Amino acid sequence: MPKTLFRALASLLLAAGTARALHEPIPTPTPDHHERKPDDVFRLQPLRGDVYALYGRGGNVGFFVGPDAVVVVDSEFKDIAPGIVAQIRSVSDRPIKYLVNTHHHGDHVGGNEVFRSFAVIIAQDNVRKRMLESPQVILRTYPKELEEAKKAGNAEDVKFIEDAIAWAKKVKVDEIAAPMVTFDSELRIHVGPETIEVWHTPPAHTDGDSVIYFTKANVLHMGDLFFHGLVPFVDVSSGGSVRGYATAIDKVIARVPADVIIIPGHGEVTDLKGLKEARQFIADVLDAAAAAKKAGRTKEQFLSTVDLPAYKNYDGYKDRFKATCAAAYDEVP
Ligand SMILES: [Zn+2]
Numbered sequence: 003m004p005k006t007l008f009r010a011l012a013s014l015l016l017a018a019g020t021a022r023a024l025h026e027p028i029p030t031p032t033p034d035h036h037e038r039k040p041d042d043v044f045r046l047q048p049l050r051g052d053v054y055a056l057y058g059r060g061g062n063v064g065f066f067v068g069p070d071a072v073v074v075v076d077s078e079f080k081d082i083a084p085g086i087v088a089q090i091r092s093v094s095d096r097p098i099k100y101l102v103n104t105h106h107h108g109d110h111v112g113g114n115e116v117f118r119s120f121a122v123i124i125a126q127d128n129v130r131k132r133m134l135e136s137p138q139v140i141l142r143t144y145p146k147e148l149e150e151a152k153k154a155g156n157a158e159d160v161k162f163i164e165d166a167i168a169w170a171k172k173v174k175v176d177e178i179a180a181p182m183v184t185f186d187s188e189l190r191i192h193v194g195p196e197t198i199e200v201w202h203t204p205p206a207h208t209d210g211d212s213v214i215y216f217t218k219a220n221v222l223h224m225g226d227l228f229f230h231g232l233v234p235f236v237d238v239s240s241g242g243s244v245r246g247y248a249t250a251i252d253k254v255i256a257r258v259p260a261d262v263i264i265i266p267g268h269g270e271v272t273d274l275k276g277l278k279e280a281r282q283f284i285a286d287v288l289d290a291a292a293a294a295k296k297a298g299r300t301k302e303q304f305l306s307t308v309d310l311p312a313y314k315n316y317d318g319y320k321d322r323f324k325a326t327c328a329a330a331y332d333e334v335p
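Numbered per this note's numbering, the sequence shown finishes at 335, counting up by one with no gaps.
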C-alpha cells in the first residue's frame, strides 16, 4: 500500500481486512474475505477479578462480568463482533450493557454496529467526532488515492478505495455506530463491586485515546496507547504525537499499582515491566531523532540511517518504524 494511502486511511474508521488492519485502520465497508472463520479467530484469557482478555482479529478486547451486567472494551470488526458476543456468552449470560471504545480506529470500533442494539457505547468526545466526520474525509482524500492506486495497478487497493467511496456517498450520519455517551476527561462506570475508570490521556496514538482501569480487579486496558512487542503506530493525521505517547504512558504508570495486569491494544497481556519497555522504545526513538536534529541532519538523512537494533524483532520494524521516526523528527526541538 502506498505511503500516502496509508496516511489517508489512518485517520478513518471501521476497518476491515486482516493483517494490515493491525496498523492501518481503514474504513468500512468490511470486505468479506478473511482467512479464518469467526469461530477460529478467538483466544479467551481469564485475568483477575472477573476481567477477561479476548484476542481476535483487531485490537484486543477486554471485558468484565459483573453481577448484573457485562462491560466490554473495544469491538474489533463488524464481521466478527457476533463472535465476540459468543465468546462473552461462553462465560456469562448476563446482559452486555456497556461498550467502551479506546479510540476511533476501525479495528477497535468496527463491531459497534452489532453492539449498539443492546449496549450503551461510551468514548471520549473526539472518538465520536472522528467517526462521524469519516465520510467527508473519505470523499475529500480518497479520489486522489484512487488515481494513484489505479496508476500503480494495485487492484486490491482500487477495489478497497472504490468500496470506501461508495460507502461514504451513501451512508447517513445516524447509521454510523458512534458512541452515544461521550466525555471529555474522565468517566466512571459502577457495576456491582467494580468501579471501571475511563481516563482520557494526552494525544498519543490519536487525540481521542482512553485507557480503561478496572480498579478492584487491578486490570488495565491500554488500547493502542500500548503496542506490546510491536512498533507503535502514531496517527499524526488524527492528532497523535510521539512525545504525547511518552507523556501519556508516564501519566498512566503514575496512577496504577506495581502489580497491575495490562491488556495492550495489540500483542500479549503483560505487566508494568512490559509497558515500561514500550515506553523505553518511545524514548529511544525521540532520543535518536533529537540527536540527528542536533547534528544538523535533515529528516531524509535521519530516516535513511536510523536503526535501533534492540527492537529489530518488533513487528512493524520494517514498515511502521520509519513512519514513527519521521513523526518523532518533526516533533523534537
Ligand atoms: Zn489504533
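All C-beta atoms, glycine included, are put in the ideal place defined by N, C-alpha and C. Keep in mind it's a predicted model, so treat the numbers as computed, not measured.
Where the beta strand (DSSP E) through residue 162 begins and ends = Element bounds for residue 162: not the beta strand (DSSP E) but the alpha helix (DSSP H), 157-172.
Report the rounded CA-to-CA distance for residue 302 versus residue 330, giving the unit in angstroms.
-> 13 Å
Any idea which residues DSSP pairs residue 123 with across the strands?
-> 101
Compute the Euclidean distance between the alpha carbons of residue 32 and residue 156, then round it to the nearest angstrom.
-> With a pLDDT of 33 at residue 32, under the threshold of 50, the modelled position of this residue cannot be trusted; read the value that follows with caution. So the two alpha carbons sit approximately 19 Å from each other.
Where do the N-terminal and C-terminal ends of the alpha helix (DSSP H) with residue 283 fall, by residue?
-> Counting along the chain, the alpha helix (DSSP H) containing residue 283 begins and ends at 274-296.
Comparing the CB of residue 202 with every heavy atom of ligand 1, is any distance shorter than 7 Å?
-> no
Report buried or exposed for residue 192, applying the criterion of at least 16 other Cβ atoms within 10 angstroms of its Cβ.
-> exposed
Just grab the DSSP bridge partners of residue 335 for me.
-> According to DSSP, which records beta bridges pairwise, residue 335 is partnered with nothing at all.
Using a Cβ-Cβ cut-off of 8 Å, state whether residue 204 counts as contacting chain E.
-> This model lacks chain E altogether, as it is built from one protein chain only.
Closest by C-alpha distance to residue 195, when choosing among 43, 278, 51 and 154 | 51
How long is the line joining the alpha carbons of residue 171 and residue 310, rounded to whole angstroms?
-> 43 Å
Give the DSSP bridge partners of residue 48, in chain order.
-> In the DSSP assignment, the residues bridged to residue 48 are 54.
Grouping DSSP H, G and I as helix and E and B as strand, with all else coil, what is residue 63?
-> Note: residue 63 maps to strand in three-state DSSP.
Below 8 Å, can you find three or more Cβ-Cβ pairs linking the segment 89-96 to the segment 49-68?
-> yes
Residue 144: first and last residue of the uninterrupted alpha helix (DSSP H) it sits in | 136-154
Relative to ligand 1, what is the chain-ordered list of residues with a Cβ closer than 7 Å to any of its non-hydrogen atoms?
-> Close to ligand 1, as judged by a C-beta nearer than 7 Å to any of its heavy atoms, are the residues 27, 61, 105, 107, 109, 110, 207, 208, 226, 235, 237 and 267, in chain order.
Same chain, Cβ closer than 6 Å to residue 349, neighbours up to 5 away in sequence not counted = A query on residue 349 cannot be resolved here, the shown segment of the chain reaching from 3 to 335 and no further.
Going by the beta-carbon positions, is the gap between residue 242 and residue 132 smaller than 8 Å?
-> Result no, Cβ atoms of residue 242 and residue 132 do not sit closer than 8 Å.
Thinking C-alpha only, which one of 314, 233 and 224 is nearest residue 253?
-> 224
Report yes or no: do three or more beta-carbon pairs, one from the segment 99-110 and one from the segment 121-132, lie closer than 8 Å?
-> yes
Using 10 angstroms around the beta-carbon of residue 38, count the other beta-carbons present and answer buried if the total reaches 16, otherwise exposed.
-> Model confidence at residue 38 stands at a pLDDT of 47, short of 50, so the residue's coordinates are unreliable; what they give is reported in the following sentence. Residue 38 is exposed by the Cβ-count criterion.
Would residue 213 be called buried (16 or more neighbouring beta carbons within 10 Å of its own) or exposed?
-> buried
Evaluate contact between the segment 233-248 and the segment 287-298, counting only Cβ atoms and requiring at least three cross-stretch pairs below 8 Å.
-> The segment 233-248 vs the segment 287-298: in contact.
Skipping 5 residues on each side, what residues in its chain have a beta carbon closer than 6 Å to that of residue 179?
-> 114, 115 and 118
Which class does residue 78 belong to by DSSP, given the choice of helix, strand or coil?
-> It is coil, neither helix nor strand.
First through last residue of the beta strand (DSSP E) which encompasses residue 221 | 221-223
Alpha-carbon to alpha-carbon, residue 163 and residue 94 = 39 Å
From residue 207 to residue 105, what distance separates their C-alpha atoms?
-> 9 Å
Residue 316 - DSSP class collapsed to helix/strand/coil = coil
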